[in-house]
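Numbering (the working numbering), first residue to last: 835 to 981.
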Amino acid sequence: MLELPRENLVLSRRVRERIRIATKAKEEIEAAVCQGIKRIEDDFMGWGLKDIHACLVGNHLLVLFQGIWTEGELQLVKSASAGKGWDVLKQVRSQMFETGRPVLEELVQEVTGVKALSMHYDINNLTGKEIVLFTLAGSPFEGDPQS
835 MLELPRENLV LSRRVRERIR IATKAKEEIE AAVCQGIKRI EDDFMGWGLK DIHACLVGNH
895 LLVLFQGIWT EGELQLVKSA SAGKGWDVLK QVRSQMFETG RPVLEELVQE VTGVKALSMH
955 YDINNLTGKE IVLFTLAGSP FEGDPQS
């Protein structure tokens with residue numbers, strides 16, 4: 835399974851060194867992506883998640899985050915004028931994902947063995963859910979009867 839170092843992450847190098855998956859079953863890929871992204875969220879972006887799920891469908895990898903808001907963010911929303919706090923938080927989180935995009939795409943490529951062609955991100959303020967969709971250059975299982 836995925837083992838990343840606890841110290842400050844230089845993921846472009848360390849991801850390559852640490853991710854080892856002997857068999858690439860769909861569930862193992864999904865679990866490794868969840869672990870890797872959770873690690874990036876915790877260490878690189880400074881966010882803790884309550885829940886994360888990944889689903890590999892053909893050449894798409896969908897990652898759903900739940901319980902994303904920190905107490906500080908919720909306090910900001912309560913103190914800001916109508917809707918403005920949510921807008922600020924969404925902009926900050928969107929920018930953080932864009933900043934971390936190369937690291938996330940590299941993680942996906944390391945785990946799936948397929949290059950990520952694009953990444954799409956959105957957040958729902960009311961439900962506290964984030965979604966990231968990676969479009970891959972192909973299925974990790976192309977040529978495999980499991981695909």
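By construction, the Cβ of each residue, glycine as well, lies at the ideal position given by its N, Cα and C atoms.
- Excluding sequence positions up to five before and after residue 860, its CB lies within less than 6 angstroms of the CB of 890, all in the same chain and listed in chain order.
- Cβ-Cβ separation between residue 939 and residue 950: approximately 4 angstroms, consistent with a contact (criterion under 8 angstroms).
- Put simply, of 924, 895, 943 the residue whose alpha carbon is nearest the alpha carbon of residue 864 is 895.
- By the Cβ neighbour-count rule, residue 904 is exposed, with fewer than 16 other Cβ atoms within 10 Å of its own.
- Secondary structure of residue 878 (DSSP, three-state): coil.
- Per DSSP, residue 975 lies in no beta strand (DSSP E) and is assigned neither H nor E.
- At the C-beta level, residue 886 and residue 878 stay beyond 8 angstroms of one another.
- Note that the C-beta distance between residue 912 and residue 957 is not below 8 angstroms.
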